[in-house]
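Asker: In our numbering, the protein residues as written are 82 to 260. Provided herewith is a single structure, encoded as structure tokens, for subsequent inquiry.
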């Protein structure tokens with residue numbers, strides 16, 4: 082039974098092997114072979130082994146069987162767009178972000194404060210689980226020019242506090258209520 086297990090284990094391999102040569106010239110001769118080497122019916126790839134103590138200072142060579150990241154430029158452009166606040170604000174040109182709100186400011190007071198800039202479509206004051214204001218919110222206007230003019234209300238006073246108005250990087254969305 083032991084012999085059957087060892088034969089079975091001998092047939093399983095991890096897909097790589099190390100060969101130690103007696104002379105440096107032998108290593109160079111094997112690595113310079115033009116024809117693909119076949120071992121046990123499989124074509125094998127030959128490369129120089131890096132001693133373990135030197136591993137931490139080297140990086141693995143590029144794999145030739147996989148295409149290099151042809152979409153890397155696309156990935157980087159997407160990342161830059163997601164992180165660029167200007168591009169994010171262009172997605173929601175009619176929405177502004179308002180912070181430093183007094184906790185007693187409600188939707189009506191906020192809407193009334195911004196009506197001087199244009200038609201206010203929607204107002205959202207962000208609230209915590211108990212329903213108390215978190216001190217910031219969003220105002221959506223009918224046109225982008227109205228939202229742009231509302232930026233002039235930054236540092237204006239609302240319920241005793243100077244508010245800060247900036248372009249919003251996202252649209253107004255409310256959290257879904259738990260049933």
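Idealized CB from N, CA, C, for every residue including glycine. All figures in this text were calculated on a predicted structure; none of them were measured in a lab.
(1) DSSP state of residue 214, grouped into three classes?
(2) Cβ of residue 206 within 9 Å of Cβ of residue 236?
(3) Checking 9 Å against the spacing of the C-beta atoms, do residue 176 and residue 228 come in under that value?
(4) Check each candidate in 212, 218, 214 and name the one with the smallest Cα separation from residue 250.
(5) Would you kindly check if the distance between the Cβ of residue 179 and the Cβ of residue 244 is under 9 Å?
(6) What did DSSP end up calling residue 83 once you bin it into helix, strand or coil?
(7) Starting from residue 124, follow the alpha helix (DSSP H) in both directions and report where the run begins and ends.
(8) Closest to residue 184 by C-alpha separation, out of 125, 252, 211, would be which residue?
Answerer: Considering the structure as presented:
(1) For the purposes of this step, residue 214 is taken as residue 133 along the chain shown, with counting starting at 1. Looking at residue 214 - three-state DSSP - the assignment turns out to be strand.
(2) Within the chain shown, numbered from 1, the residue matching residue 206 stands at position 125. Within the chain shown, numbered from 1, the residue matching residue 236 stands at position 155. It is not a contact, given that the beta carbons lie outside the stated cut-off.
(3) Taking the first residue of the chain shown as 1, we reach residue 176 at position 95. Taking the first residue of the chain shown as 1, we reach residue 228 at position 147. Yes; because the gap between Cβ atoms is below 9 Å, this pair is in contact.
(4) Walking along the chain shown from the start, residue 250 turns up at place 169. Per the Cα distances, 218.
(5) Sequence index remark: in the chain shown, residue 244 carries index 163 (1-based). Sequence index remark: in the chain shown, residue 179 carries index 98 (1-based). Yes, the Cβ-Cβ distance between residue 244 and residue 179 is below 9 Å.
(6) The sequence position of residue 83 within the chain shown is 2, counting from 1. Unreliable positioning characterises residue 83 in this predicted model, as indicated by a pLDDT of 47, which lies under 50. The coordinate reading is nonetheless provided below. Correct three-state label for residue 83: helix.
(7) Taking the first residue of the chain shown as 1, we reach residue 124 at position 43. Taken as a continuous stretch (DSSP letters only), residue 124 belongs to no alpha helix (DSSP H), being part of the beta strand (DSSP E) at 123–125.
(8) Taking the first residue of the chain shown as 1, we reach residue 184 at position 103. Closest by alpha carbon: 211.
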